[in-house]
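Report on the following structure.
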Amino acid sequence: MPIEEINHKIKLLRRLSFGMPNLTNYEETHHSLVEFQAKEKES
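Using the working numbering, the first residue of the sequence shown is number 4, and each one after it goes up by one.
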C-alpha cells in the first residue's frame, strides 16, 4: 500500500471523527471504515 494512500485514509478518518469526545468513538469509527473498505474491495 503506497504511503499516499495511508496518509489519505488517516486524513479521512480524522475528518469523519471530528468532534468525537473520546478515543473509543474514534476507534469504533476507524474499525467501521476499515470493514466498509474491505467489503468494497470484495465486490
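Glycine is no exception: its CB is placed at the ideal position from the N, C-alpha and C atoms.
Own chain residues within Cβ distance below 6 Å of residue i, not counting five before or after
i, result
"A27", "It should be noted that the sequence gives Thr, not Ala, for residue 27. Contacts found: none."
"R18", "none"
Residue from the options with nearest C-alpha to residue i
i, options, result
"Q40", "S20, L15, E7", "L15"
Rounded C-alpha distance that separates residue i from residue j
i, j, result
"P5", "K44", "16 Å"
"H34", "F21", "16 Å"
"K42", "T32", "16 Å"
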